[in-house]
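If you want my numbering, it's the position in the sequence shown, counting the first as 1, plus 179.
By construction, the Cβ of each residue, glycine as well, lies at the ideal position given by its N, Cα and C atoms.
Report on the structure given below.
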Amino acid sequence: MKSTGKPWGIHLASLKSLRPFQHIYQKLMKDGIITQADDLKLTEMLASAKGVRLERQHKSILESILDTFSVDFSKRRRSFLVLDSTTIYKLDISAVWTRNRTPEGKLDYQSWYSGVGLFFGDQSSYAVQVSTFEQDKLKPSDYCDISSQWCVKLSSATPSGKALEPSNIRYGWSAKPFRFPPRTKGFFYYRRNMLLDSVVDEETGEEVITGHPTHVAAGQLRFRVVPDPLPPSPEMFDYGSDLVTEDGLRPWGIHVLAMQKRQEYHALYESIVPPSERNLIEEFLERSRQSEKFHNDIYSRSSNFLESILEPFPLDFTKNSVQLILLDPDCVTKIALRHILSIQPRTRLDIWESGYDHSVYSGKALVRFELVNVTRKNNVPSTRLAIRILQWIEPPNASDTLPVQQEGELLKKCDPKTLEEKIWTKKSFVDFLPPASVQTLLDAYPNSETVTLRRLKSNRMSLQEEKV
180 MKSTGKPWGI HLASLKSLRP FQHIYQKLMK DGIITQADDL KLTEMLASAK
230 GVRLERQHKS ILESILDTFS VDFSKRRRSF LVLDSTTIYK LDISAVWTRN
280 RTPEGKLDYQ SWYSGVGLFF GDQSSYAVQV STFEQDKLKP SDYCDISSQW
330 CVKLSSATPS GKALEPSNIR YGWSAKPFRF PPRTKGFFYY RRNMLLDSVV
380 DEETGEEVIT GHPTHVAAGQ LRFRVVPDPL PPSPEMFDYG SDLVTEDGLR
430 PWGIHVLAMQ KRQEYHALYE SIVPPSERNL IEEFLERSRQ SEKFHNDIYS
480 RSSNFLESIL EPFPLDFTKN SVQLILLDPD CVTKIALRHI LSIQPRTRLD
530 IWESGYDHSV YSGKALVRFE LVNVTRKNNV PSTRLAIRIL QWIEPPNASD
580 TLPVQQEGEL LKKCDPKTLE EKIWTKKSFV DFLPPASVQT LLDAYPNSET
630 VTLRRLKSNR MSLQEEKV
């Protein structure tokens, strides 16, 4: 490793696991350099690292997935071990540059490159410890500046003052990670949407306003961006706004179900959610598993959760599909809608073209599910699921010459060849949604709007032409 200047050394995990070095490990324990607690944690990590072997003392080991590592591009293989907070796993990135194809189309795993490089050199983490995640109990010391950070190691102190295991919090990650935006200064807090109830106090006879969560599994870790306070003060909370995602469509956050499901957030979950609420969430998930609509994926931070079928949600009109996680009263389920903005060929005999996979629209808006009555050829009405455009988050492009969706109207889809438009509806929504959510829609829309589904030839001009 002379070419990269990597320090020579034998990692602690190798000292404990490899027989030739175990006497050194025992000496370190005897001298108190390695504590009993450290030894116990390392033992648990090695026990959970199934299929991972420490073969040589110079095996590359990363103490964090964000650590810098070197790559010799002239070599066929590059793998290393990564120390997670609870386990050790192997990562092999050889195929990134060696999985090539010969002119004959066969796979060739020989490297075509040369040189040595360092990766993830600037993606360091930043430690943040807070006293609480409850909005009304925030202290000036809970104020933090995470501007332009790649990763935040977030932890909360116990009542005794001891910090819990930190959780790695990132702003976003797709093909590459995103830094937290500049001027991201404020408070981490746990948000729960509440429904207000009005009750009468039996002793005083006065009306008392109380609240309860919209759903037992509703809740998100969010970040409140506040104006620069001097000195920092939780009183600035009401003058701030929640950090939004990189696409600007919704508030940034980590949902409570993602915390409950994903191992990396378990410490965060236990520090944020009280035991009584965790029990209620476990009971809900147990009931949910009995439903045929149950969705058992591991929810990611980017999952778009609906706490009710009536809750508005953001829609990007440049994308032809939408995926939502619905918190139904009886279960958690997935709503996946494909080709939501394009009219598909009517029969398999019609010529299919790639344009049918894409949307001709632009803009981003807040929308909501609702029910409509559809008149059919025999004049027998049919109740279907539709989507109402509530307000624009990002208006359509002013230069669009193609059809433009209208705020306040029902969502339409378009034939990319003929530019004919048609209102989007879902006929089999009774089978598509859980029964409780179906009943919620029926109760909310007892007198549904009546619409026609015939195709309308679009004669819309661009917004620029309309202004002229």
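List the DSSP bridge partners of residue i.
i    : result
G351 : F357
Y268 : V261
R370 : Q399
D324 : K364
Q502 : A515
V404 : G365 and S420
Since residue i is in the alpha helix (DSSP H), which residue starts that stretch and which ends it?
i    : result
D218 : Q215 to S227
S196 : L191 to S196
In this structure, how does DSSP classify residue i when only helix, strand and coil are distinguished?
i    : result
F473 : coil
T520 : For the record, residue 520 in the displayed sequence is Leu; it is not Thr. In the structure shown, L520 sits in coil (DSSP, three-state: anything other than H, G, I, E or B).
A306 : strand
P413 : helix
K316 : helix
K591 : strand
I212 : coil
W187 : coil
R278 : Below a pLDDT of 50, predicted positions are generally treated as unreliable, and R278, at 49, falls in that range; no measurement from the model is reported.
K646 : Low local confidence applies: a pLDDT of 36 at K646 is under 50, so the model's placement there is unreliable, with the coordinate-based value given in what follows. Helix at K646.
Along the beta strand (DSSP E) that carries residue i, what are the first and last residues, could you check?
i    : result
I568 : S561 to E573
Y204 : Not the beta strand (DSSP E): Y204 falls in the alpha helix (DSSP H), residues Q201 to K209.
L545 : K543 to V553
Do residue i and the ligand GDP come close, with the Cβ less than 7 Å from some heavy atom?
i    : result
H394 : In the structure on display, the ligand GDP does not appear, and there are no ligands present to speak of.
Q | alpha helix (DSSP H) runs wholly inside the stretch 599–632, at least 4 long, in chain order | A | If we require 4 residues or more, the alpha helix (DSSP H) runs fully inside the stretch 599–632 come out as 608–611 and 614–623.
**Q.** Segments of 4+ residues assigned as alpha helix (DSSP H) that fall wholly inside the stretch 416–500
**A.** Taking only runs of at least 4 residues, the alpha helix (DSSP H) segments lying wholly in the stretch 416–500 are 435–440, 445–451 and 454–467.
Q. For the stretch 394–401 against the stretch 536–551, are there 3 or more C-beta pairs whose distance is under 8 Å?
A. At 8 Å Cβ cutoff, the stretches do not touch.
(Q) I want to know whether the stretch 363–372 touches the stretch 309–317 - three or more CB-CB distances under 8 Å. (A) Judged by Cβ distances under 8 Å, the stretch 363–372 makes contact with the stretch 309–317, as three or more pairs qualify.
Q: May I ask you to verify whether the stretch 501–508 touches the stretch 483–493, counting CB pairs closer than 8 Å and requiring at least 3?
A: Between the stretch 501–508 and the stretch 483–493, the count of Cβ pairs shorter than 8 Å is three or higher; the stretches touch.
Q | the stretch 490–498 in contact with the stretch 412–431 per 3-pair CB rule at 8 Å | A | The stretch 490–498, when compared against the stretch 412–431, does touch it at the 8 Å Cβ threshold.
Q: Assess, as a yes-or-no matter, whether the stretch 565–573 is touched by the stretch 585–602 under the definition of 3 or more beta carbon pairs within less than 8 Å.
A: The stretch 585–602 vs the stretch 565–573: in contact.
Q.
If contact is defined by three or more beta carbon pairs under 8 Å, each pair taking one atom from either stretch, is the stretch 449–458 in contact with the stretch 404–424?
A. Not touching, per the Cβ criterion.
Q: Would you check if the stretch 401–414 and the stretch 317–325 touch, i.e. whether three or more CB-CB distances between them fall below 8 Å?
A: Yes: at least three Cβ pairs fall under 8 Å.
Q: Report yes or no: do three or more beta-carbon pairs, one from the stretch 342–349 and one from the stretch 320–334, lie closer than 8 Å?
A: With a cut-off of 8 Å on Cβ pairs, the stretch 342–349 is in contact with the stretch 320–334, counting three or more such pairs.
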